[in-house]
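> Right, I'll just put the structure down here and ask away after.
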Amino acid sequence: MTPAPDRLVRCNMAIPMALDTWLLFLLTSIGISLTPGPNGLLALTHGALHGGRKTLFTIAGSLIGFVLIMALCMFGIGALVQSSITWLVVLKWIGGLYLAWLGIRLWRSPPVAVDVGSAPVTARGHVLFRQGFLTAATNPKCLLFFSALLPQFIDPERSLAVQFGIMAMTYTVTEFITEVAIASAAARVRPWLARAGRRFNQVCGGIFVAVGLALPLRGA
């Protein structure tokens, strides 16, 4: 006996997020967190200057900034999708191409260089928090990035608020673990980036290109 369509819709609504979609978002979040970016570099620099424990203030500010940007993108996209489901398809393809373009730029970028020689070695926690928050929240590239990424995982038949909560929590956990690891191992990470940074950028760039091209096709 085939279930009624309205029963299938209710069952779908009861599940916050499809497991395969969440697992794919988790893997994507890990890849994003490992990719060199302004907040990762800030955690690396502060870790070298102030130690891993003090850099927790920086990381906390970064994560709050990321969550605010994600909320702005998610609910802005949700309002657009409510007017027409076609917009979600359009956003997926535009976002996928943008992610692939970012991957190509990252592939071609030089190794990351971190210079901490002339920076002060002491700072108050609220100063580090503010630096982390502003680096994330005021970066227009961050807004564009999440606007490109999030539509790939939105299911218009499920609660947008619940999906946001799941994705925001998933991303902040992976970003927190990554930035803490970077800050704690800053003394070892910096020389490694100088040696293998170009190859690392190429690997991360290749992942971005693959994700950008594969995700829109997945939802097609």
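Residue numbers for the sequence shown, in my numbering: 1306 to 1525.
By construction, the Cβ of each residue, glycine as well, lies at the ideal position given by its N, Cα and C atoms.
The model shown is predicted, which means the values in this text are computed figures rather than measured ones.
Would residue 1446 be called buried (16 or more neighbouring beta carbons within 10 Å of its own) or exposed?
exposed
> Under the rule that 16 or more other beta-carbon atoms within 10 Å means buried, what is residue 1440, buried or exposed?
Classified as buried, residue 1440 has 16 or more neighbouring CB atoms from the shown chains inside 10 Å of its CB.
> On the CB-based measure, 16 or more other CB atoms within 10 Å of its CB, does residue 1348 come out buried or exposed?
buried
> Is residue 1457 buried or exposed, if buried means 16 or more other CB atoms sit within 10 Å of its CB?
Residue 1457 is classed as buried because its beta carbon has at least 16 other beta carbons within 10 Å across all chains shown.
> For the alpha helix (DSSP H) containing residue 1487, name the first residue and the last one.
1465–1489
> If you follow the alpha helix (DSSP H) that residue 1435 is part of, which residue opens it and which one closes it?
1430–1442
> For the putative contact between residue 1485 and residue 1357, defined by C-beta atoms under 8 angstroms, what is the C-beta separation to the nearest angstrom?
Under the criterion of beta carbons closer than 8 angstroms, residue 1485 and residue 1357 qualify as touching, at roughly 7 angstroms.
> How would you write the range of the alpha helix (DSSP H) that residue 1345 sits in, first residue to last?
1343–1355
> Rounding to the nearest angstrom, what Cα-Cα distance links residue 1336 and residue 1428 in this structure?
31 angstroms
> By Cβ distance below 6 angstroms, which residues in the same chain neighbour residue 1510 in space, the five residues on each side in sequence not counted?
1408, 1411, 1412
> Between which residues of its own chain and residue 1473 is the CB-CB distance below 7 angstroms, once the five residues before and five after are set aside?
1372, 1375
> Please look up how many angstroms separate the CB atoms of residue 1383 and residue 1465, rounded, as I've assumed it's under 8 angstroms.
Contact between residue 1383 and residue 1465 holds: their C-beta atoms lie close to 4 angstroms from each other, under 8 angstroms.
> Does the Cβ-Cβ distance between residue 1273 and residue 1398 come in under 8 angstroms?
Residue 1273 lies beyond the stretch modelled for the chain, which goes from 1306 to 1525, so this question has no answer here.
> Tell me which same chain residues have a C-beta within less than 8 angstroms of the C-beta of residue 1390, skipping the five on either side of it?
Answer for residue 1390: 1461, listed in chain order.
> Out of 1353, 1468, 1341, state which residue places its alpha-carbon closest to the alpha-carbon of residue 1492.
With distances taken between CA atoms, residue 1492 lies nearest to 1353 out of 1353, 1468, 1341.
> Quick check: residue 1364 and residue 1515, are their CB atoms within less than 8 angstroms of each other?
Contact flag unset, no.
> Would residue 1517 and residue 1402 qualify as a contact pair, given that the criterion is a beta-carbon distance under 8 angstroms?
Taking 8 angstroms as the Cβ cut-off, residue 1517 and residue 1402 qualify as a contacting pair.
> Can you look up residue 1414 in the DSSP assignment and give me helix, strand or coil?
coil
> Given a cut-off of 8 angstroms on the beta-carbon distance, is the pair residue 1442 and residue 1345 in contact?
no
> Relative to the alpha-carbon of residue 1299, which residue among 1490, 1359, 1519, 1523 has its alpha-carbon at the smallest distance?
With the chain represented from 1306 up to 1525, any question about residue 1299 goes unanswered, as that position is not in the structure.
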